[in-house]
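Protein chains: 2
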Amino acid sequence: MRALVFDDQLTYRPDYPEPTLQPGEALVHVALAGICNTDIEITRGYAGFRGVLGHEFVGYVEAGPADWVGERVVGSINIGCGACASCQQGIPEHCEQRQALGIHGRDGVFADWLSIPVKNLHRVPETISDEAAVFAEPLAAAMQVLRMVHIQPNQPVVLVGAGKLGLLVAQVLRLTACDLAVVVRGERPAALLSLWGIRACSIDEISDRSAQVVVDCSGSPEGLDRALDLVRPRGTVVLKSTYSGQPSLDLNRIAVDEIAVVGSRCGSFAAALRLLESGMVDVLSLIDARYTLEDGVRAFAHASERGVLKVLLS
Amino acid sequence: MRALVFDDQLTYRPDYPEPTLQPGEALVHVALAGICNTDIEITRGYAGFRGVLGHEFVGYVEAGPADWVGERVVGSINIGCGACASCQQGIPEHCEQRQALGIHGRDGVFADWLSIPVKNLHRVPETISDEAAVFAEPLAAAMQVLRMVHIQPNQPVVLVGAGKLGLLVAQVLRLTACDLAVVVRGERPAALLSLWGIRACSIDEISDRSAQVVVDCSGSPEGLDRALDLVRPRGTVVLKSTYSGQPSLDLNRIAVDEIAVVGSRCGSFAAALRLLESGMVDVLSLIDARYTLEDGVRAFAHASERGVLKVLLS
Numbered sequence: 001m002r003a004l005v006f007d008d009q010l011t012y013r014p015d016y017p018e019p020t021l022q023p024g025e026a027l028v029h030v031a032l033a034g035i036c037n038t039d040i041e042i043t044r045g046y047a048g049f050r051g052v053l054g055h056e057f058v059g060y061v062e063a064g065p066a067d068w069v070g071e072r073v074v075g076s077i078n079i080g081c082g083a084c085a086s087c088q089q090g091i092p093e094h095c096e097q098r099q100a101l102g103i104h105g106r107d108g109v110f111a112d113w114l115s116i117p118v119k120n121l122h123r124v125p126e127t128i129s130d131e132a133a134v135f136a137e138p139l140a141a142a143m144q145v146l147r148m149v150h151i152q153p154n155q156p157v158v159l160v161g162a163g164k165l166g167l168l169v170a171q172v173l174r175l176t177a178c179d180l181a182v183v184v185r186g187e188r189p190a191a192l193l194s195l196w197g198i199r200a201c202s203i204d205e206i207s208d209r210s211a212q213v214v215v216d217c218s219g220s221p222e223g224l225d226r227a228l229d230l231v232r233p234r235g236t237v238v239l240k241s242t243y244s245g246q247p248s249l250d251l252n253r254i255a256v257d258e259i260a261v262v263g264s265r266c267g268s269f270a271a272a273l274r275l276l277e278s279g280m281v282d283v284l285s286l287i288d289a290r291y292t293l294e295d296g297v298r299a300f301a302h303a304s305e306r307g308v309l310k311v312l313l314s
Numbered sequence: 001m002r003a004l005v006f007d008d009q010l011t012y013r014p015d016y017p018e019p020t021l022q023p024g025e026a027l028v029h030v031a032l033a034g035i036c037n038t039d040i041e042i043t044r045g046y047a048g049f050r051g052v053l054g055h056e057f058v059g060y061v062e063a064g065p066a067d068w069v070g071e072r073v074v075g076s077i078n079i080g081c082g083a084c085a086s087c088q089q090g091i092p093e094h095c096e097q098r099q100a101l102g103i104h105g106r107d108g109v110f111a112d113w114l115s116i117p118v119k120n121l122h123r124v125p126e127t128i129s130d131e132a133a134v135f136a137e138p139l140a141a142a143m144q145v146l147r148m149v150h151i152q153p154n155q156p157v158v159l160v161g162a163g164k165l166g167l168l169v170a171q172v173l174r175l176t177a178c179d180l181a182v183v184v185r186g187e188r189p190a191a192l193l194s195l196w197g198i199r200a201c202s203i204d205e206i207s208d209r210s211a212q213v214v215v216d217c218s219g220s221p222e223g224l225d226r227a228l229d230l231v232r233p234r235g236t237v238v239l240k241s242t243y244s245g246q247p248s249l250d251l252n253r254i255a256v257d258e259i260a261v262v263g264s265r266c267g268s269f270a271a272a273l274r275l276l277e278s279g280m281v282d283v284l285s286l287i288d289a290r291y292t293l294e295d296g297v298r299a300f301a302h303a304s305e306r307g308v309l310k311v312l313l314s
């Protein structure tokens with residue numbers, strides 16, 4: 001089958017072996033997949049992964065349990081051991097033995113087919129297009145901010161980093177009716193935020209120690225430093241992305257100002273699908289390009305350009 | 001008056017000028033004061049403070065508003081500007097212009113008298129001895145952990161660092177009926193914990209990723225690293241002390257494991273006095289020595305010795 005494989009370098013492979021259906025799993029034909037920053041980071045060495053890349057997808061079940069065959073589905077990316085405390089609490093994303101599609105221990109979705117445990121699947125309601133459904137995974141991740149931190153109506157909230165994930169987080173934060181400002185540099189995110197009625201501003205327009213919650217989607221140590229400047233005493237900084245290197249953090253500032261620094265990662269697909277169905281989040285405006293798998297290497301180059309938002313593969 | 005002054009070095013001064021009573025303030029005769037790790041750190045250069053050291057005290061109001069004169073009091077250490085957002089929210093400890101007794105911008109309590117705003121004072125109930133009342137400030141700081149983090153009955157909680165503050169935090173955590181383990185090295189804290197019926201253990205007895213909440217009272221980067229090892233995914237690490245230098249923290253671990261790192265500092269004197277009155281916390285067992293101010297330099301040397309708990313001055 002066709003597949004986009006990372007093995008020291010990113011290669012299109014027309015003849016990658018098809019997955020074999022495992023017990024408890026479904027064979028899914030991928031209709032559409034999305035390139036995420038994590039995929040790009042993996043091609044730069046992050047996570048040490050080798051295999052088929054990709055974890056954002058929508059597709060059709062071709063084989064597996066009878067009640068799933070023919071269904072249009074999206075799927076969560078973490079596959080736990082099923083036995084540990086995290087798995088038994090229903091959070092396989094925190095299983096220490098977990099596999100993650102296209103990230104750790106298991107081939108991903110930039111291919112014609114993938115095999116995935118049935119328990120990871122979610123049916124996609126008819127009213128959600130493929131182009132919207134492929135955002136289920138990053139939208140779930142964006143919504144996880146609300147799982148980890150109670151954001152209250154009218155609270156001053158600042159989002160730093162308006163890339164493809166940040167723009168989803170911005171729309172999710174807007175749902176809380178918090179007093180939201182998004183720090184942007186480029187014209188493109190500023191225009192999108194304006195379209196959505198969300199305040200975009202430069203970093204200098206935000207006063208130090210003014211935000212109850214700062215969400216850092218910048219992925220850069222500088223962005224995090226700035227987040228710490230902006231947050232109020234007893235406020236919260238949410239880490240929404242991973243960082244290259246190991247940036248140092250002024251722990252004394254956290255202690256003295258009684259700040260909470262909270263990590264946030266994968267989220268609920270059921271919640272993301274509900275939100276897509278409601279139409280309250282605009283994901284289609286984030287799509288910048290669509291490529292075939294054959295052109296996957298070019299698609300990655302495009303997706304890596306500064307300011308480019310979502311690039312899809314099919 | 002007698003005073004213990006830090007000015008490049010720690011000196012006993014028999015003739016330090018007496019404070020003059022300011023409007024809205026009270027003149028307090030110090031009956032008993034306690035040496036805190038922060039005081040010791042200041043003599044090593046922390047906070048750049050120069051003046052009379054000390055912030056833990058109990059004393060008698062000698063002059064000031066008539067309804068306060070003669071009262072036995074303790075006092076909170078932060079003096080805010082009164083005008084900023086933090087002050088107006090009733091949290092002068094987060095005022096950017098704040099003074100702090102014996103720490104920043106204002107003489108402290110290792111002297112015969114101090115002047116302190118009346119709004120900082122709390123009357124001490126008769127049933128609380130001076131020796132117990134002098135712990136109001138560190139006990140309030142210990143209780144602040146419960147203000148910053150909701151610790152639930154039966155949750156697995158680990159405390160790292162069983163020094164004089166840690167042993168107060170341990171007793172406060174016990175009040176929640178959480179499943180508490182305290183990591184100790186010395187025999188002395190182990191004996192005290194045993195006296196109080198609190199489980200003491202070595203670091204090797206705690207499984208990685210097993211604690212819902214880890215409170216780090218170690219003050220060392222190594223202690224914090226270990227705290228991150230011990231906490232569960234989606235758990236909380238509380239920073240209860242400041243750190244020398246600027247230790248780096250693995251931010252990706254916080255993001256991936258969705259950990260919350262929460263700072264905690266000064267707390268409520270009213271709550272601390274309530275707890276001292278109830279007798280549910282044993283502070284007297286923490287007292288290791290008592291010195292006069294004249295012997296203050298020796299008292300500091302003693303308080304700085306490894307394993308020594310509370311040293312008092314009068």
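Top line first, the protein sequences correspond to chains B and W. Quick note: the first sequence uses my numbering, first residue 1, plus one each step. Quick note: the second sequence uses my numbering, first residue 1, plus one each step. Glycine included, every Cβ here is placed at the ideal spot set by N, Cα and C. Only a predicted model underlies this, so the values are computations on that prediction, with no experimental measurement involved.
Compare the C-beta of residue i with all C-beta atoms of chain W and state if any pair is closer than 8 angstroms.
| i | result |
| --- | --- |
| B:ASP257 | yes |
| B:ASP16 | Inspection of the sequence shows that residue 16 of chain B is occupied by Tyr rather than by Asp. Chain W, which has no Cβ nearer than 8 angstroms to the Cβ of B:TYR16, makes this no. |
| B:ARG234 | yes |
| B:THR242 | yes |
| B:LEU251 | yes |
Run through chain W and tell me which residues come within less than 8 angstroms of residue i, C-beta to C-beta.
| i | result |
| --- | --- |
| B:VAL213 | Result: empty, since nearest Cβ-Cβ is about 13 angstroms, beyond 8 angstroms. |
Counting only C-beta atoms, is residue i closer than 8 angstroms to chain B at any point?
| i | result |
| --- | --- |
| W:ALA260 | yes |
| W:ARG106 | no |
| W:ILE254 | yes |
| W:MET143 | no |
| W:HIS344 | Outside the modelled stretch of chain W, which goes from 1 to 314, sits residue 344 of chain W, for which no answer is possible. |
| W:LEU239 | yes |
| W:HIS94 | yes |
Nearest to residue i by alpha carbon, out of the options?
| i | options | result |
| --- | --- | --- |
| W:VAL158 | W:GLU222, W:VAL169 and W:TRP68 | W:VAL169 |
| B:ASP213 | B:ALA133, B:THR236, B:SER86 and B:ASN120 | Note that residue 213 of chain B is Val in the sequence shown here, rather than Asp. Cα-wise, what sits closest to B:VAL213 is B:THR236. |
| W:SER115 | W:TYR60, W:ALA85 and W:ALA162 | W:TYR60 |
| B:ILE254 | B:ASP225, B:SER278, B:GLU277 and B:ASP282 | B:ASP225 |
| W:GLY161 | W:ARG199, W:VAL183 and W:LYS119 | W:VAL183 |
| W:VAL172 | W:ASP67, W:ARG265, W:ALA272 and W:ARG123 | W:ALA272 |
| W:ASP130 | W:GLY64, W:CYS87 and W:GLU277 | W:GLU277 |
| W:ILE79 | W:GLY64, W:VAL28 and W:VAL118 | W:VAL118 |
| W:VAL58 | W:LEU121, W:PRO23, W:GLN99 and W:GLN152 | W:LEU121 |
| W:GLY263 | W:ASP216, W:LEU228 and W:ARG298 | W:ASP216 |
| B:TRP68 | B:GLY102, B:ALA31 and B:GLU25 | B:GLU25 |
| W:PHE110 | W:GLN99, W:HIS104, W:VAL52 and W:GLU187 | W:VAL52 |
| W:THR43 | W:ALA301, W:ARG306, W:LEU312 and W:PRO156 | W:ALA301 |
| W:GLY279 | W:ASP8, W:PRO125, W:CYS95 and W:GLN9 | W:PRO125 |
| B:LEU165 | B:ALA66, B:ALA260 and B:GLY267 | B:GLY267 |
| W:VAL281 | W:ALA140, W:GLY186 and W:ILE206 | W:ALA140 |
| W:GLN97 | W:LEU193, W:ASP107, W:CYS84 and W:ALA142 | W:CYS84 |
| B:ALA270 | B:LEU293, B:GLU137, B:ASP15 and B:GLY219 | B:GLU137 |
| W:ARG185 | W:GLU205, W:THR176 and W:GLY197 | W:GLU205 |
| W:TYR12 | W:GLU305, W:ALA299, W:VAL308 and W:GLU222 | W:ALA299 |
| B:SER220 | B:ARG232, B:SER210, B:TRP113 and B:SER241 | B:SER241 |
| W:SER207 | W:LEU195, W:PRO189 and W:ALA227 | W:ALA227 |
I need the DSSP call for residue i, collapsed to helix, strand or coil.
| i | result |
| --- | --- |
| W:VAL297 | helix |
| W:GLU277 | helix |
| W:PHE110 | coil |
| W:ILE254 | helix |
| B:GLN22 | coil |
| W:ALA289 | strand |
| B:VAL182 | strand |
| W:ASN154 | coil |
| B:HIS94 | helix |
Answer yes or no: does any C-beta atom of chain D fall closer than 8 angstroms to that of residue i?
| i | result |
| --- | --- |
| W:ARG265 | Absence of chain D from the displayed structure is noted, the protein chains being B and W. |
Starting from residue i, find everything on chain W with Cβ-Cβ shorter than 7 angstroms and list it in chain order.
| i | result |
| --- | --- |
| B:SER86 | PRO233 |
Look up residue i in the DSSP assignment and give the residues it is bridged to.
| i | result |
| --- | --- |
| B:SER115 | B:LEU27 |
| B:ASP7 | B:GLN9 |
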